[in-house]
Amino acid sequence: MTTRPTPEFLDAPFFPKGMTTPDPECPINGGYFAAAADGRLVVQRCTDCGARQYPPELNCHACYGFNMEWQDAAGTGKVWSWVEVVHPAHPALREFGPYMVALIELDDMPEIKLMSAVVDAPLDGQVLIGAPVRVVFERTADDLVQPRWRMA
Ligand SMILES: [Zn+2]
15 MTTRPTPEFL
25 DAPFFPKGMT
35 TPDPECPING
45 GYFAAAADGR
55 LVVQRCTDCG
65 ARQYPPELNC
75 HACYGFNMEW
85 QDAAGTGKVW
95 SWVEVVHPAH
105 PALREFGPYM
115 VALIELDDMP
125 EIKLMSAVVD
135 APLDGQVLIG
145 APVRVVFERT
155 ADDLVQPRWR
165 MA
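So the sequence shown is residues 15 to 166, counted in our numbering.
Laid out in structure tokens, this is it:
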């Protein structure tokens with residue numbers, strides 16, 4: 015049995031109030047947010063063909079089957095690509111930033127790349143491709159926890 019590391023929850027929200035948030039009761043994404051509330055990062059896995067995918071969808075991108083389940087990911091990855099957001103479009107972010115949004119390749123599922131904010135990215139002009147990162151969890155509403163990432 016593999017022991018899962020203790021999940022890390024941010025002490026304070028990373029993003030300011032007023033951001034648009036997803037619906038934790040969404041029939042497609044709900045399991046993703048329920049796992050995040052439990053401190054777990056999950057991706058969808060097709061029980062017909064075994065393909066994994068992110069973001070969650072109604073059906074499998076590989077075989078088009080509808081039998082999807084949730085599979086835990088280790089929660090570690092590497093920066094595959096990134097951008098420094100200097101002029102955010104959302105009004106709630108007018109006085110916020112700059113901050114990093116990265117495409118993160120999961121260590122244990124390299125076919126999966128997730129897009130997320132990296133909450134403690136240095137933003138000093140260094141090339142961060144390949145830098146190790148790990149998942150953290152941010153409570154963004156009373157009923158919603160969203161995975162974010164930080165430098166490992
Ligand atoms: Zn499939």
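C-beta atoms are modelled at their ideal positions from N, C-alpha and C, and glycine is treated no differently. Only a predicted model underlies this, so the values are computations on that prediction, with no experimental measurement involved.
Near ligand 1: residue i beta-carbon under 7 Å from a heavy atom
| i | result |
| --- | --- |
| aspartate 138 | no |
| glycine 32 | no |
In DSSP terms, what residue i is bridged to
| i | result |
| --- | --- |
| cysteine 60 | Met82 |
| isoleucine 118 | Val93 and Leu128 |
| tyrosine 113 | Val99 |
| leucine 55 | Ala87 |
| glutamate 152 | Gln160 |
| proline 146 | Lys92 |
| arginine 66 | Arg59 |
C-beta atoms of residue i and residue j nearer than 8 Å
| i | j | result |
| --- | --- | --- |
| valine 132 | arginine 164 | yes |
| leucine 55 | alanine 48 | no |
| valine 115 | methionine 129 | yes |
| phenylalanine 80 | arginine 162 | no |
| cysteine 60 | methionine 33 | no |
| isoleucine 118 | arginine 66 | no |
### Validate contact between the stretch 92–105 and the stretch 21–28 using beta carbons, cut 8 Å, 3 pairs
The stretch 92–105 vs the stretch 21–28: no contact.
### Query
Can we say the stretch 129–149 touches the stretch 83–90, given the rule of at least three CB pairs closer than 8 Å?
Enough Cβ pairs lie closer than 8 Å, so yes.
### Query
Which residues have a Cβ closer than 6 Å to any heavy atom of ligand 1, listed in chain order?
The set, ordered by position in the chain, is Cys60, Asp62, Cys63, Ala65, Cys74, Ala76, Cys77 and Gly79.
### Query
Counting pairs of beta carbons, one from the stretch 116–125 and one from the stretch 39–48, are three or more of them closer than 8 Å?
Taking 8 Å as the limit for Cβ pairs, the verdict is that the stretch 39–48 does not touch the stretch 116–125.
### the stretch 61–71 contacting the stretch 100–108, beta-carbon criterion three pairs below 8 Å
No, they do not touch.
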